[in-house]
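The next block holds one structure in the form of structure tokens; read it before the comments.
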Amino acid sequence: AQSVTQLDSQVPVFEEAPVELRCNYSSSVSVYLFWYVQYPNQGLQLLLKYLSGSTLVKGINGFEAEFNKSQTSFHLRKPSVHISDTAEYFCAVSESDTGRRALTFGSGTRLQVQP
Amino acid sequence: GAVVSQHPSRVICKSGTSVKIECRSLDFQATTMFWYRQFPKQSLMLMATSNEGSKATYEQGVEKDKFLINHASLTLSTLTVTSAHPEDSSFYICSASNRGGQPQHFGDGTRLSIL
């Protein structure tokens, strides 16, 4: 079984400032890692994913994340945020070596970008 | 990119009604579909996993007779909430993946309100 911890429930930040949303996971097996964004009353949109290879992953909308196996972390970063980045962000994992493809989500982090 | 369509987006109905929610993959073959439930300001909780042509696998605590899932084709899965009650009110989101398994692509969700 896996678990995902997003320590920050809310992150307020000013427009054009950098931001980091933290994600740590726990798993007894190898995992794939994902970040999704959810706008109000909508489904989830994939920002980026780590399946294998380079530990620095670049996604859409200028976001990137780095997989750190020793620290079991997959923090999301953006060097300069926009008002439109205000949303809920979910970190998620799934098992990579077994047939189980379901995602386990963190509790989410609400990014609030202020002018 | 991969598109998943979920319908309806919102349902309001009386207690005791059965409600069917459809999830369609529009431009890829979804060998696996997932159904999640999200309570206000909370994360997504997996309800069940369905593989095309097979019975769904339900997560612990999810009543399979209450939440009927059908995945009869590679592009369509349905979730039927039978004899819905107010406690079933929630945001239901489906996702789909192809044979590769990852990533999952999400629908826009269905907000179900039982009066």
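Residue numbers (our numbering), protein chains in the order written: chain A, 30 to 144; chain B, 12 to 126. Ideal Cβ positions, reconstructed from N, Cα and C, are used throughout, including at glycine.
Integer-rounded CB distance, given that T138 of chain A should sit under 8 Å from S38 of chain A = Counted from its first residue, the first sequence places residue 38 of chain A at position 9. Counted from its first residue, the first sequence places residue 138 of chain A at position 109. At roughly 6 Å, the Cβ-Cβ gap stays under 8 Å, so S38 of chain A and T138 of chain A are in contact.
Are the region 84-94 of chain A and the region 121-137 of chain A touching by the rule of at least three beta carbon pairs closer than 8 Å?
-> Result no; under three Cβ-Cβ pairs closer than 8 Å.
Nearest-angstrom Cα separation, counted from E49 of chain A out to M44 of chain B | Within the second sequence, numbered from 1, the residue matching residue 44 of chain B stands at position 33. Within the first sequence, numbered from 1, the residue matching residue 49 of chain A stands at position 20. Cα atoms of M44 of chain B and E49 of chain A: separation of roughly 31 Å, rounded to the nearest angstrom.
Interface residues of the region 100-120 of chain B facing chain A [CB-CB below 9 Å] | Taking 9 Å as the Cβ-Cβ cut-off against chain A, the residues of the region 100-120 of chain B that qualify are F102, I104, C105, S106, S108, G112, Q113, P114, Q115, H116, F117, G118, D119 and G120.
Looking only at DSSP bridge pairs, what is V110 of chain A linked to?
-> If you number the first sequence from 1, residue 110 of chain A lands on position 81. DSSP output for V110 of chain A lists no bridge partner at all.
Within 7 Å, strictly: CB atoms of A107 of chain B and S36 of chain B | Along the second sequence, read from residue 1 onward, the residue named residue 107 of chain B stands at position 96. Along the second sequence, read from residue 1 onward, the residue named residue 36 of chain B stands at position 25. By the CB criterion at 7 Å, A107 of chain B and S36 of chain B fall inside the cutoff.
Closest by C-alpha distance to C120 of chain A, when choosing among A:Q71, A:E45, A:V58 and A:Y79 = One-based indexing of the first sequence puts residue 120 of chain A at position 91. Distances from the CA of C120 of chain A to each of A:Q71, A:E45, A:V58 and A:Y79 were compared; the closest alpha carbon is that of A:Y79.
Taking the DSSP output, what are the residues bridged to L87 of chain B?
-> What you label residue 87 of chain B is simply residue 76 of the second sequence in a count that begins at 1. Answer is B:R35 and B:S84.
In angstroms, rounded to a whole number, what distance separates the CA positions of H82 of chain B and C105 of chain B?
-> Within the second sequence, residue 82 of chain B is the residue found at index 71, counting from 1. Within the second sequence, residue 105 of chain B is the residue found at index 94, counting from 1. So the alpha carbons of these two residues sit roughly 12 Å apart.
Is the Cβ of F45 of chain B closer than 7 Å to any Cβ of chain A?
-> The count along the second sequence starts at 1 and reaches residue 45 of chain B at position 34. Chain A contact via Cβ: present.
Beta-carbon neighbours of Q17 of chain B, restricted to chain A and to distances below 8 Å | For the purposes of this step, residue 17 of chain B is taken as the residue at position 6 of the second sequence. Around Q17 of chain B, the beta-carbon contacts reaching into chain A at under 8 Å are G72.
Of all the CB atoms in chain A, is at least one closer than 7 Å to the CB of T42 of chain B?
-> Reading the second sequence from its first residue, position 31 is the one you call residue 42 of chain B. Interface flag for T42 of chain B against chain A is unset, since no Cβ pair is found closer than 7 Å.
Pair within 7 Å by beta-carbon distance, V142 of chain A and V42 of chain A | Within the first sequence, the letter at position 113 stands for residue 142 of chain A. Within the first sequence, the letter at position 13 stands for residue 42 of chain A. It is a contact, given that the beta carbons lie within the stated cut-off.
Would you call E124 of chain A buried or exposed, if buried means 16 or more other Cβ atoms sit within 10 Å of its Cβ?
-> To locate residue 124 of chain A, count along the first sequence from 1; it is residue 95. Classification of E124 of chain A: buried, given that the 10 Å Cβ count is 16 or more.
Are at least three pairs of beta-carbons, each pair with one atom in the region 97-112 of chain A and one in the region 63-83 of chain B, less than 8 Å apart?
-> No: the two stretches stay apart, fewer than three of their Cβ pairs being nearer than 8 Å.
Quick one: what's P41 of chain A bridged to in DSSP?
-> By 1-based counting over the first sequence, the position of residue 41 of chain A is 12. Residue pairing by DSSP places P41 of chain A opposite A:Q141 in a beta bridge.
For N109 of chain B, name the three-state secondary structure that DSSP assigns.
-> The count along the second sequence starts at 1 and reaches residue 109 of chain B at position 98. The three-state secondary structure of N109 of chain B, taken from DSSP, is coil.
Going by DSSP, what residues sit across from H104 of chain A in a beta bridge?
-> Residue 104 of chain A sits at position 75 when you count from the first residue of the first sequence. By DSSP's assignment, H104 of chain A forms a beta bridge with A:E95.
For T127 of chain A, count neighbouring C-beta atoms within 10 Å of its own C-beta (all shown protein chains included) and say buried if the count is 16 or more, exposed if not.
-> Here residue 127 of chain A is taken as the residue at index 98 of the first sequence, counted from 1. The residue in question, T127 of chain A, is exposed, as its Cβ has fewer than 16 Cβ neighbours within 10 Å.
Enumerate in chain order the residues of its own chain whose CB-to-CB distance from E44 of chain A is below 8 Å, with the five nearest sequence positions on each side excluded.
-> Within the first sequence, residue 44 of chain A is the residue found at index 15, counting from 1. Taken in chain order, the residues that qualify are V110, H111, I112, V142, Q143 and P144.
With C-beta atoms as the reference, is Y69 of chain B less than 7 Å away from K75 of chain B?
-> Taking the second sequence and counting its residues from 1, the one referred to as residue 69 of chain B is at position 58. Taking the second sequence and counting its residues from 1, the one referred to as residue 75 of chain B is at position 64. Closer than 7 Å, so yes.
Using a C-beta cutoff of 7 Å, does I54 of chain B count as contacting chain A?
-> The residue given as residue 54 of chain B occupies position 43 in the second sequence. Reading the sequence as shown, one finds Ser at residue 54 of chain B and not Ile. Contact with chain A is found for S54 of chain B, since one of that chain's Cβ atoms lies less than 7 Å from the residue's Cβ.
Taking only runs that begin and end inside the region 47-82 of chain A, name each unbroken beta strand (DSSP E) of 3 or more residues, in chain order.
-> List check, beta strand (DSSP E) in window: 48-50, 53-56, 60-67 and 73-79.
Residue nearest to K25 of chain B in terms of C-alpha spacing, selected from B:G118, B:A67, B:L87 and B:H96 = Here the question's residue 25 of chain B lines up with position 14 in the second sequence. Its Cα nearest to that of K25 of chain B, the residue B:H96 stands out among B:G118, B:A67, B:L87 and B:H96.
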